[in-house]
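**Q** What follows is a structure written as structure tokens; I'll ask about it next.
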Amino acid sequence: GKKDGRGTFRVFKSAMDVELRARAQLEGALRAAIQSGEIEPFYQPVVSLPGRELIGVEVLARWRHPERGLLAPAQFIPIAEETGLIADLSYRLLRQACLDARDWPAHLQIAVNIAPQQFQDAWLCERILAILTETGLPPHRLEVEITETALVQDLEAARTTLTSLQNLGVRIALDDFGTGYSSLYHLRELKFDKLKIDRRYVDTITMSDERAKLVDAIIKLSASLGLVTTAEGIESDASLDWLAGQGCDFGQGYLFGAPMPKGEMDFLLTRSSEP
Ligand code: C2E
Ligand code: CA
Ligand code: CA
Ligand code: CA
């Protein structure tokens, strides 16, 4: 009856209050965490195929939370994007990565993720250049990864930003390829340097012939447009061998290394430079 309905509404409303309060709390905590440097860059190896030589790293955000431990991006990047904190977060992450990279061999590439909203910022290129200048990282060592979501809002603004970054010497990778709805359109309209095949495709290549054919077609398409290709989420030797055989240029995945803190990356680099 009426009474039940009101009761349900009250329960629903207070549940919403709790959720809103929790979000506001998380936003405040995230803001403080960014300021105090609790958001830390982790680094995942990117290797060339078929030789498996380390050519660079992708920078992946982690929140070293004092009580909750190490938090994955899924637990805070969405809220950072909704609240606009993402810009501050990623500039600090980029700056730290540039500083960390000073300890590494000069050929090692640094790839950072840029959120769609950031790509609409007319000052993005200037901000990135300021960080490169301040830290001394040459622009040709930096790669920026964007998803197609960054391109749908304002294609002309995206084109301008993309071109000015490329004029600096920064390369642009189209991330998560195959998960957007208009992939071919963006490949035709914009000039990227690299295409990253999403791991949801890479996962499946050893499962069926049809799926493997699709990934093969993506590699060929990418090459025919003059782009290099990275396959993400390589976990097995079988996938690695197959991808290398199809001419995929670079690989990333647990087979070569999971995202790791700076100290572990240093250790890996010391070991790999030993005779
Ligand atoms: P992404 O850019 O597609 O990054 C690759 C994700 O795949 C990473 O997850 C990585 O840990 C995971 N991965 C790599 N190799 C393997 C593998 O062999 N198997 C499996 N199962 N997974 C693998 P992570 O670190 O949890 O990051 C998730 C997403 O969060 C990223 O996806 C990216 O979209 C976003 N993200 C991370 N850091 C940042 C950042 O600084 N800024 C922005 N805007 N987004 C970020
Ligand atoms: Ca990425
Ligand atoms: Ca990706
Ligand atoms: Ca090749």
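Here the working numbering is used: position 238 in the sequence shown is 221, and no number is missing along the way. Note that the Cβ used here is the ideal one computed from N, Cα and C, for glycine as well. Source: prediction; values computed, not measured.
Rounded to the nearest angstrom, how far is the Cβ of Ile22 from that of Leu76, given a contact under 8 Å?
**A** Locating residue 22 in the sequence shown gives position 39, counting from the first residue. Locating residue 76 in the sequence shown gives position 93, counting from the first residue. Indeed, because the Cβ distance is near 6 Å, the residues count as touching under 8 Å.
**Q** Helix, strand or coil, according to DSSP, for Leu210 in the structure here?
**A** To locate residue 210, count along the sequence shown from 1; it is residue 227. Coil, per DSSP.
**Q** Is the stretch 113 to 130 in contact with the stretch 154 to 164, if contact means three or more CB pairs nearer than 8 Å?
**A** Counting Cβ pairs under 8 Å, three or more are found: they touch.
**Q** Grouping DSSP H, G and I as helix and E and B as strand, with all else coil, what is Ala113?
**A** The count along the sequence shown starts at 1 and reaches residue 113 at position 130. Helix.
**Q** Taking 8 Å as the cut-off, decide whether the C-beta atoms of Leu170 and Leu145 are in contact.
**A** As a working mapping, residue 170 is identified with position 187 in the sequence shown. As a working mapping, residue 145 is identified with position 162 in the sequence shown. Their beta carbons are not under 8 Å apart, which means Leu170 does not touch Leu145 by this criterion.
**Q** For Asn96, verify whether its CB is less than 7 Å away from any heavy atom of ligand 2.
**A** By 1-based counting over the sequence shown, the position of residue 96 is 113. Checking the Cβ of Asn96 against ligand 2 gives yes.
**Q** How about Asp158: is its Cβ closer than 7 Å to a heavy atom in ligand 2?
**A** One-based indexing of the sequence shown puts residue 158 at position 175. Within the cutoff, so yes.
**Q** Which value, in whole angstroms, describes the spacing of the CA atoms of Asp159 and Leu134?
**A** Along the sequence shown, read from residue 1 onward, the residue named residue 159 stands at position 176. Along the sequence shown, read from residue 1 onward, the residue named residue 134 stands at position 151. Cα to Cα, Asp159 sits roughly 13 Å from Leu134.
**Q** Quick one: is the Cβ of Glu126 within less than 7 Å of any heavy atom of ligand 2?
**A** Residue 126 sits at position 143 when you count from the first residue of the sequence shown. Result no, Cβ not under 7 Å from ligand 2.
**Q** Quick check: is any heavy atom of ligand 3 less than 7 Å from the C-beta of Asp232?
**A** For the purposes of this step, residue 232 is taken as residue 249 along the sequence shown, with counting starting at 1. Asp232 Cβ: outside cutoff for every heavy atom of ligand 3.
**Q** From the DSSP output, in three-state form, read off Ser166 for me.
**A** The residue given as residue 166 occupies position 183 in the sequence shown. DSSP places Ser166 in helix when its eight states are reduced to three.
**Q** Please list the terminal residues of the continuous beta strand (DSSP E) segment that includes Pro24.
**A** Along the sequence shown, read from residue 1 onward, the residue named residue 24 stands at position 41. That run of the beta strand (DSSP E) goes Ile22 to Ser31.
**Q** Cβ of Glu41 versus every heavy atom of ligand 2: is any distance shorter than 7 Å?
**A** Your numbering for residue 41 matches position 58 in the sequence shown. The answer is yes for Glu41.
**Q** By the 10 Å Cβ neighbour count, where 16 or more other Cβ atoms means buried, how is Arg45 classified, buried or exposed?
**A** On the sequence shown, residue 45 is found 62 positions in, with the first residue counted as 1. Arg45 is buried by the Cβ-count criterion.
**Q** Rounded to whole angstroms, what's the CA-CA distance from Ile60 to Ile69? Just pull it up for me.
**A** Residue 60 sits at position 77 when you count from the first residue of the sequence shown. Residue 69 sits at position 86 when you count from the first residue of the sequence shown. Approximately 7 Å, taken between the alpha carbons.
**Q** How would you label Asp232, buried or exposed, when you count the other beta carbons within 10 angstroms and need 16 or more for buried?
**A** The sequence position of residue 232 within the sequence shown is 249, counting from 1. Buried, since its Cβ has 16 or more Cβ neighbours within 10 Å.
**Q** Judging by CA-CA distance, which residue of Glu65, Asp176, Leu238 and Leu197 is the nearest neighbour of Leu210?
**A** Residue mapping note: residue 210 aligns to position 227 of the sequence shown, counting from 1. The shortest C-alpha separation from Leu210 is found at Asp176.
**Q** Cα-Cα, which of Gln235, Glu64 and Leu178 is closest to Ser205?
**A** Position 222 of the sequence shown holds residue 205. Per the Cα distances, Leu178.
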